[in-house]
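For reference, the structure is listed below as structure tokens.
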Amino acid sequence: MLLIYTGSYPDDKCGVGDYVYNLNQEIKKNYTVNVVKLSLFELIYKIVSNRKIIKLINIQYPSIGFSTNKIAAFKPHVAFILAKLVGLKTSITLHEFSSLSKRAQYFLKIFKLADYIIFTTQYEKNIGEKTLFNSAKTRLIPIASNI
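-2 is the number of the first residue of the sequence shown in the numbering used here; add one for each residue after it.
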């Protein structure tokens, strides 16, 4: 099972939600996928009840849903720490990395511990590898509209 944690999902007006929707549609052709939007409680429940069958947790960051307040902004970080504590493989999909402020990029450092860092464009991947992330961990999964 793949577990995706996101702050946005259709009908939200956010490109991250559209990206997750398209990713989910493609992956679920071959795998079981669960998408959790915003709720840390739901995420914790799914992790605890499905820990033995979860192959990977993917966290989408940032998104409109995670920007409602400062507490919401750290939900992806809490989700990541929880996943690591229970021994799950993790991937982080970073959206528009190059447009994040230096302060925002500082708070991404914990994600260096992820098994995979996913970017949505080659441009963003190149910048991520030059500034913060080990290229051995980075991957590219393009936005459907960019293919």
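Glycine included, C-beta positions come from ideal geometry on N, C-alpha and C.
query, result
"Identify the continuous beta strand (DSSP E) that holds Tyr2 and give its terminal residues.", "Leu(-1) to Thr3"
"Please report the straight-line C-alpha distance between Lys10 and Val17, rounded to a whole angstrom.", "13 Å"
"Going by the beta-carbon positions, is the gap between Thr3 and Val32 smaller than 8 Å?", "yes"
"Using only the alpha-carbon positions, how far apart do Thr87 and Lys106 sit?", "14 Å"
"If you measure between the beta carbons of Val83 and Arg48, is that distance less than 8 Å?", "yes"
"Would you kindly check if the distance between the Cβ of Leu110 and the Cβ of Lys52 is under 8 Å?", "no"
"Rounded to whole angstroms, what's the CA-CA distance from Leu147 to Phe130? Just pull it up for me.", "Residue coverage of the chain in this structure runs from -2 to 144, which leaves residue 147 outside it and unanswerable."
"To the nearest angstrom, report how far apart Pro7 and Thr118 are at their CA atoms.", "21 Å"
"Taking the beta strand (DSSP E) that Lys81 falls in, what are its first and last residues?", "Not the beta strand (DSSP E): Lys81 falls in the alpha helix (DSSP H), residues Lys72 to Leu82."
"Would you kindly report the start and end of the unbroken alpha helix (DSSP H) that includes Tyr58?", "Where Tyr58 is concerned, there is no enclosing alpha helix (DSSP H), although the beta strand (DSSP E) it sits in stretches over Leu53 to Tyr58."
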